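**Student:** In my numbering, each number is its position in the sequence shown, counted from 1, plus 2.
For glycine and all other residues, C-beta sits at the position ideal for the given N, C-alpha and C.
Please read all numbers here as calculations on a predicted model, not as lab measurements.
The structure follows.
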Amino acid sequence: MSILLFRTLLIYVLIIAAMRMMGKKQLGELQPSELVSTILISNLASISIESPELPLLGSILPVFVIVAAEILLSALCVRSHRAAALVSGHPRVIVRNGVIDQATLFDLRFTVDDLMEALHGKDIFELSDVAFAMVETNGSISVQKKFARDTPTNDSLHISPPAAHMPSLPLVLDGALNEENMRLFSVDAAWVEKECRRQGVARRDVLLFLCNDAKEVCIIPKQRPARKGVA
């Protein structure tokens, strides 16, 4: 029994590592651990159906082990931003102001055809219309069109265009700095700390710190759980 448990957990870890090595493009809409759990549970279920001579417990027990591992891993990722980044990775910027980041494109093993197909799926056929595009942790591509393209009536209505040309990105998640997004907006930790102090909150107490290229910020402090009164 102990060998069965060990083999199940070992395969679970190895497949997560393999999926992370394969790249985000392979993941579809699922996170790596979720996809691994789905594959393993599906295979175990098929084995128990196709091989009735095998003990049913031999398939049921590994399924519960996988479910427990997924629940524990999800709880760990909620509590630890570093663990979440290790399991699922970070969103990666792939287009800035109509210019493709070819180094990121190569690193993610995306082809230009993959990128253009994703943009076409967002009803974008001109690369120059893209202000910002990023590959999310589940492999999907999120796109922000240039504001002038999104609001064609601004000029006719004499509405001033927004100061920002790129969408807001998180600089702090659950108290942890996102250095890649900080470099994108040319800010450092001292600037983030200053903005937090301006809002009257310490960085470690920040749940989410959003900022855009116009240095417009939105800071959401953590809410401390209320203590339940003793009955």
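Mind checking Val15: buried by the 16 CB within 10 Å criterion, or exposed?
**Tutor:** Classification for Val15: exposed.
**Student:** Compute the Euclidean distance between the alpha carbons of Asp215 and Leu37, then round it to the nearest angstrom.
**Tutor:** Roughly 35 angstroms between the two C-alpha positions.
**Student:** Roughly how many whole angstroms lie between the Cα atoms of Ile43 and Ile68?
**Tutor:** Taking the straight line from one Cα to the other gives about 8 angstroms.
**Student:** Just to confirm the assignment, what range does the beta strand (DSSP E) spanning Lys147 have?
**Tutor:** 143-147 is the extent of the beta strand (DSSP E) around Lys147.
**Student:** May I ask you to report which of helix, strand or coil DSSP gives Leu46?
**Tutor:** If DSSP states are grouped into helix, strand and coil, Leu46 belongs with the helices.
**Student:** Could you have a look at Met136 and say whether DSSP puts it in helix, strand or coil?
**Tutor:** Looking at Met136 - three-state DSSP - the assignment turns out to be strand.
**Student:** Would you call Ile49 buried or exposed, if buried means 16 or more other Cβ atoms sit within 10 Å of its Cβ?
**Tutor:** It counts as exposed.
**Student:** Using the Cα positions of Asp190 and Leu121, report the straight-line distance between them to the nearest angstrom.
**Tutor:** Asp190 and Leu121: Cα-Cα distance of roughly 32 angstroms.
**Student:** Any idea if Leu74 is buried or exposed, counting beta-carbon neighbours within 10 angstroms, 16 or more meaning buried?
**Tutor:** Its Cβ having fewer than 16 others within 10 Å, Leu74 is exposed.
**Student:** So which of Asn183, Ser188, Cys213, Leu209 has the shortest CA-CA distance to Ser82?
**Tutor:** Comparing Cα-Cα distances from Ser82 to each of Asn183, Ser188, Cys213, Leu209, the minimum goes to Leu209.
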